[in-house]
Structure formats: C-alpha cells, structure tokens
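Per the working numbering: the sequence shown = residues 46 to 179.
Down below is the structure, laid out as structure tokens.
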Amino acid sequence: MLENNHTITITLNEYLYEMLEKIKQRPGMFLGKSSITRLRAFLDGYMSSREDLGLPPTQQEIEFNQFPDWIQTRFKITSAQGWDSIILFYSTDERDALNNFFELFEQFRNGESARREAINQEQVIESQHSLIPQ
46 MLENNHTITI TLNEYLYEML EKIKQRPGMF LGKSSITRLR AFLDGYMSSR EDLGLPPTQQ
106 EIEFNQFPDW IQTRFKITSA QGWDSIILFY STDERDALNN FFELFEQFRN GESARREAIN
166 QEQVIESQHS LIPQ
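Okay, here's the thing in structure tokens:
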C-alpha cells in the first residue's frame with residue numbers, strides 16, 4: 046500500500062524529432078523499406094497511440110501538425126491531399142519521396158518560408174535531382 050506522501054511526476058518527453066532522425070538514418074529498420082507512405086502510416090500510428098493513451102501533445106507534435114499546411118503552401122496545393130501524397134507526386138518514387146520529406150522537414154524546422162519566389166531556370170536545373178522547389 047502506498048502512503049500519501051509520494052508524488053508522481055509526469056514528464057512530457059520531446060522525442061518525435063529524435064525518432065524521425067533515427068528513421069532517417071535507418072528507414073528499413075523502422076519502416077521495412079524506404080517509403081514515404083510507410084512513414085506516414087508509422088507517424089499516424091504513433092500519434093493515434095499517444096491520443097488513445099490520453100497523453101497530451103508535446104511541443105514537437107504541435108509544431109509537426111503545422112507541417113501539412115507548410116507543404117500545401119510550399120507546393121501551391123489547395124486540395125485535401127496529404128503531405129505524403131504531395132511529396133510523392135513531386136518525387137520519382139517512394140524512396141526519393143522519403144529523402145525529399147527529410148529535406149523539406151529540415152527546411153520547415155529551420156523556419157524557412159513555405160512561400161517561394163519565382164523560380165528561375167537555373168534553380169530548376171539545379172534542383173531536378175530531387176524535384177523539390179527551392
């Protein structure tokens with residue numbers, strides 16, 4: 046039997062971004078293969094599990110929830126497409142889309158504006174390897 050003088054402390058761990066970094070380093074271990082669709086399913090499961098457990102969102106999770114809007118603005122998409130579908134559309138395949146996700150996510154985290162100025166032809170040629178608008 047516990048006495049009343051014990052205090053339970055709950056800490057809100059910020060590990061979403063750390064987990065994403067680990068996935069970036071070893072996608073096969075976490076996702077089975079390099080796939081943006083699998084990353085989206087993984088993250089949906091992660092968020093759903095935390096919600097089911099009644100855990101409040103962390104600051105990183107709140108920030109990450111702004112990423113879909115950032116992607117829609119970045120690619121000038123107004124439909125209800127998910128961030129993963131948008132990135133996949135502008136990529137050559139699932140693996141390329143996953144790599145592009147991490148590049149775009151880094152830009153998002155660094156506070157880069159989602160709005161792009163007119164892209165000149167030289168920038169388009171330089172960015173064709175990843176198909177990510179600069």
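Here a beta-carbon is modelled for each residue, glycine too, at the ideal position from N, C-alpha and C.
Pairwise C-alpha distance: residue j and residue i
i    : j    : result
D138 : I116 : 18 Å
I131 : R83  : 15 Å
F150 : P113 : 10 Å
E167 : K67  : Residue confidence for E167 is low, a pLDDT of 43 falling below 50, so the modelled location carries little weight; the figure read from the coordinates is stated next. Straight-line Cα distance between these residues: approximately 34 Å.
I81  : D97  : 24 Å
E106 : S94  : 13 Å
A163 : K69  : Bear in mind that the predicted position of A163 carries a pLDDT of just 41, short of 50, making it too unreliable to give a figure here.
Whether residue i touches residue j by CB criterion (8 Å)
i    : j    : result
G127 : R154 : no
L133 : A142 : yes
F87  : L76  : yes
Secondary structure of residue i, DSSP reduced to three states
i    : result
T54  : Low per-residue confidence applies at T54: pLDDT is 44, beneath 50, and the placement is therefore not dependable enough to give any value.
S136 : coil
S80  : coil
I122 : coil
Beta-carbon proximity list for residue i, same chain, < 8 Å, skipping 5 on both sides
i   : result
Y91 : L61 and M64
S79 : P72, G73, E139, R140, L143 and N144
8 Å Cβ cutoff, residue i in contact with chain C
i    : result
D114 : In the structure shown, chain C cannot be found, because there is only a single protein chain.
Close Cβ partners of residue i (< 6 Å) along its chain, the five nearest in sequence each way excluded
i    : result
N165 : A caution first: N165 carries a pLDDT of 41, below 50, which makes its placement in the model too unreliable to give a value.
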